[in-house]
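Peer 1: Dropping a structure here in structure tokens format, bear with me for questions.
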Amino acid sequence: MDIESIFENNKKWIANKLNDNPDYFKTLAKDQSPEILFIGCSDSRVTTGDLMGIEPGDMFVHRNIANMVSNTDLSVMSVINYAVNQLKVKHVIICGHYNCGGVKAAMQAKDMGILNPWLRNIRDVYRLHKEELNSIKDEEQKYNRLVELNVQEQCVNLIKTAEVQKALIDRHITIHGWVFDIHTGHIIDMKIDFNKILKDIMEIYRLV
Ligand code: CO
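The sequence shown maps to residues 0 to 207 in numbering that gives the first Met the number 0.
Shown next as structure tokens:
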């Protein structure tokens with residue numbers, strides 16, 4: 000990719016937007032009131048807005064390796080706090096994807112330096128679901144299932160936060176666990192039962 004061409008593309012994009020709506024940037028600059036918080040993987044193939052037809056202003060986005068909601072990660076925790084408490088988003092989406100390099104790397108016997116503690120969280124997901132995962136003989140299917148279970152566990156981690164617990168109880172926000180199927184382009188809704196998760200974890204994780 001030629002960096003110069005990015006500026007050319009940018010000019011074309013501006014011209015297209017202004018052609019459709021001369022006030023486009025005036026409106027865009029005013030404020031943001033996105034209804035969605037999206038937490039996805041940093042993978043270059045997961046082009047968040049494009050694959051959903053989402054326009055600037057529609058979605059607050061956080062991306063990291065393997066779409067993790069780690070409770071010691073100030074970045075993701077600040078994003079969740081701001082999106083839920085200030086922007087008052089109505090939906091939170093955690094979106095993983097098949098062929099996730101982060102998930103694959105987590106299962107290798109290899110010292111990866113600073114990535115070790117990050118990827119350790121994925122090994123913890125494996126440990127929680129060891130029986131199911133070990134019963135899958137096909138390696139690719141096993142990784143795919145780990146991608147799905149990782150999304151599920153990150154939804155649980157999301158619901159362990161005070162902001163989300165409060166928003167689930169007070170204003171009924173919804174939590175969505177998705178997997179982007181990189182082979183077909185489809186988004187798969189895992190139909191996470193977030194109310195059941197909330198009920199199940201409150202005995203130990205209740206903060207509000
Ligand atoms: Co990934």
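Virtual Cβ for every residue (Gly too), placed ideally from N, Cα, C.
Tell whether a beta-carbon distance below 7 Å holds between Phe59 and Ala82.
Peer 2: yes
Peer 1: State the start and end residues of the unbroken alpha helix (DSSP H) segment that holds Gly100.
Peer 2: 100 to 105
Peer 1: For the ligand CO, is there a heavy atom less than 6 Å away from the beta-carbon of Cys154?
Peer 2: False, no ligand heavy atom lies under 6 Å from that Cβ.
Peer 1: Cβ of Ile158 within 7 Å of Cβ of Ala166?
Peer 2: no
Peer 1: So the alpha helix (DSSP H) Met58 belongs to, where does it begin and stop?
Peer 2: Run containing Met58: none in the alpha helix (DSSP H); it sits in the beta strand (DSSP E), 58 to 63.
Peer 1: Would you give the residue range spanned by the alpha helix (DSSP H) that Thr47 belongs to?
Peer 2: 47 to 51
Peer 1: Out of Leu206, Tyr125, Gly95, state which residue places its alpha-carbon closest to the alpha-carbon of Thr47.
Peer 2: Distance check between Thr47 and each of Leu206, Tyr125, Gly95 places Gly95 closest, using alpha-carbon atoms only.
Peer 1: Tell me whether Lys206 is buried or exposed, calling it buried when 16 or more other Cβ atoms sit within 10 Å of its Cβ.
Peer 2: Reading off the sequence shown, one finds Leu at residue 206, where the question assumed Lys. Exposed is the call here.
Peer 1: Please check the pair Phe193 and Cys154, which I expect to be a contact at CB under 8 Å, by giving their CB distance rounded to whole angstroms.
Peer 2: 7 Å
Peer 1: Does the beta-carbon of Gly101 have 16 or more other beta-carbons within 10 angstroms, so that it is buried, or is it exposed?
Peer 2: buried
Peer 1: In its own chain, which residues sit with a C-beta less than 8 Å from the C-beta of Ile35, not counting the 5 before and 5 after it?
Peer 2: Ile53, Asp57, Met58, Phe59, Val88, Lys89, His90, Val91, Ile92
Peer 1: From Ile196 to Glu131, what does the alpha carbon distance come to, in whole angstroms?
Peer 2: So the two alpha carbons sit approximately 19 Å from each other.
Peer 1: What is the DSSP secondary structure of Val88, reduced to helix, strand or coil?
Peer 2: coil
Peer 1: Which residues mark the beginning and the end of the beta strand (DSSP E) in which Val83 is found?
Peer 2: Looking at the DSSP string, Val83 is not in any beta strand (DSSP E), and its letter there is neither H nor E.
Peer 1: Helix, strand or coil for Asp22? Go by DSSP, reduced to three states.
Peer 2: coil
Peer 1: On the DSSP bridge list, what partners appear for Asp188?
Peer 2: Trp177
Peer 1: With distances taken from each beta carbon to the nearest heavy atom of the ligand CO, which residues come in below 5 Å, in chain order?
Peer 2: Cys40, Asp42, Cys99, Gly101
Peer 1: Judging by CA-CA distance, which residue of Glu202, Ala105, Gln151, Ile121 is the nearest neighbour of Lys190?
Peer 2: Gln151
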